[in-house]
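> Residue numbers (the numbering used here): 1471 to 1688. For glycine and all other residues, C-beta sits at the position ideal for the given N, C-alpha and C. Only a predicted model underlies this, so the values are computations on that prediction, with no experimental measurement involved.
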């Protein structure tokens, strides 16, 4: 029996007690396999027991210092606690030890952005979009990072892609409108702001931007 698989089935069904028992069984059966420790840590983290979760991640890394999933889980814990320097170190180690998926690149990219390091943040977010081209939030955050780095034309292209994925994403449409304004496309900007407000009448930033354009036009 694969106790880790059993544990995840219980976890998906919301039965945390049985999930914990299964992960404990996995550890007892294979105490030198770091997988069970990471899974139990993930369960504890989902139950807001970050301190105990961290101890299980560290135990997994004691067994195998190159276990990428443990580095990733530890980085995710630090990220959620806004401990960005620690998050960056753990997530970077996960990448160095072979983990290469969209979630890792996305979280590492956001970490760099929050640390004020777009030079390293933007490539990670770009890689995340390439690995998962249908995730709206990944694409949106990549577009924001480009805009914040004054790469306006590239940002506008990404916001367009977001809107192809989710037409009603009002924050993406608002940022697309602002990018169009910076690119000198005032009429298109105004049209997009009207569309934002059609979808979300209480979008305050779109309201303010449209009011300013109305004042200029009048």
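Give a yes or no on contact between the region 1517-1524 and the region 1495-1505, applying the rule of three or more CB pairs nearer than 8 angstroms.
Flag = no, the region 1517-1524 and the region 1495-1505 do not touch.
> If we count the other Cβ atoms within 10 Å of its Cβ and call it buried at 16 or more, is residue 1603 buried or exposed?
Reading the chain shown from its first residue, position 133 is the one you call residue 1603. Burial call: exposed.
> Going by DSSP in three states, residue 1575 sits in which element: helix, strand or coil?
Here residue 1575 refers to the residue found at position 105 of the chain shown. In this structure, residue 1575 counts as helix in the three-state DSSP scheme.
> For residue 1560, count neighbouring C-beta atoms within 10 Å of its own C-beta (all shown protein chains included) and say buried if the count is 16 or more, exposed if not.
As a position in the chain shown, residue 1560 is number 90, starting the count at 1. Residue 1560 is buried by the Cβ-count criterion.
> For residue 1579, which option in 1562, 1643 and 1666 has the closest C-alpha, if you only look at C-alpha atoms?
Position 109 of the chain shown, counting from 1, holds the residue named residue 1579. When only C-alpha atoms are compared, the closest one is 1562.
> Excluding five sequence neighbours on each side, which residues of the same chain lie with their C-beta closer than 7 angstroms to the C-beta of residue 1529?
Numbered from 1 along the chain shown, position 59 holds the residue referred to as residue 1529. These residues qualify, in order along the chain: 1507.
> Can you list, in chain order, the residues of its chain whose CB lies under 6 angstroms from that of residue 1479, leaving out five sequence neighbours each side?
Locating residue 1479 in the chain shown gives position 9, counting from the first residue. Closer than 6 angstroms at the Cβ level, and outside the excluded window around residue 1479, lies no residue.
> Give the DSSP-derived three-state secondary structure of residue 1528 in the structure shown.
Taking the chain shown and counting its residues from 1, the one referred to as residue 1528 is at position 58. Three-state result, residue 1528: helix.
> Please list, in chain order, all residues of the same chain as residue 1662 whose beta carbon is under 7 angstroms from its beta carbon, the five residues on each side excluded.
What you label residue 1662 is simply residue 192 of the chain shown in a count that begins at 1. Closer than 7 angstroms at Cβ, skipping near neighbours: 1643, 1646, 1647 and 1650.
> Would you say residue 1501 reaches chain B, if we count a Cβ-Cβ gap shorter than 8 angstroms as a contact?
Looking for chain B here will not work: only one protein chain is present.
> So residue 1504 is in the alpha helix (DSSP H); what residue range does that whole segment cover?
Here residue 1504 refers to the residue found at position 34 of the chain shown. Per DSSP, residue 1504 belongs to the alpha helix (DSSP H) from 1504-1516.
> Give the DSSP-derived three-state secondary structure of residue 1494 in the structure shown.
Translated into positions along the chain shown, residue 1494 becomes position 24. Note: residue 1494 maps to helix in three-state DSSP.
> For residue 1569, does the three-state DSSP call read helix, strand or coil?
Within the chain shown, the letter at position 99 stands for residue 1569. Residue 1569: coil per DSSP, three-state reduction.
> For residue 1604, which of helix, strand or coil comes out of DSSP?
Taking the chain shown and counting its residues from 1, the one referred to as residue 1604 is at position 134. It is coil, neither helix nor strand.
> Between the Cα of residue 1618 and the Cα atoms of 1598, 1652 and 1573, which residue gives the shortest distance?
Start at 1 with the first residue of the chain shown, and residue 1618 comes out as number 148. Nearest of 1598, 1652 and 1573 to residue 1618, Cα basis: 1652.
> Taking only runs that begin and end inside the region 1626-1669, name each unbroken alpha helix (DSSP H) of 4 or more residues, in chain order.
With a minimum length of 4 residues, the continuous alpha helix (DSSP H) runs that stay inside the region 1626-1669 are 1640-1652 and 1656-1669.
> In or out: residue 1546 buried (at least 16 other Cβ within 10 Å) or exposed?
In the chain shown, residue 1546 corresponds to position 76, counting from 1. Residue 1546 should be labelled buried.
> Grab the span of the alpha helix (DSSP H) containing residue 1477 for me, first residue to last.
The count along the chain shown starts at 1 and reaches residue 1477 at position 7. Where residue 1477 is concerned, the enclosing alpha helix (DSSP H) stretches over 1473-1482.
> If the criterion is Cβ atoms closer than 8 angstroms, does the pair residue 1572 and residue 1608 meet it?
Along the chain shown, one-based indexing puts residue 1572 at 102. Along the chain shown, one-based indexing puts residue 1608 at 138. Contact: yes.
> To the nearest angstrom, report how far apart residue 1631 and residue 1625 are at their CA atoms.
In the chain shown, the residue the question calls residue 1631 occupies position 161. In the chain shown, the residue the question calls residue 1625 occupies position 155. Residue 1631 and residue 1625: Cα-Cα distance of roughly 10 angstroms.
> Hey, how far is the Cα of residue 1564 from the Cα of residue 1623?
Indexing the chain shown from 1 puts residue 1564 at position 94. Indexing the chain shown from 1 puts residue 1623 at position 153. Going by the C-alpha atoms only, they are around 32 angstroms apart.
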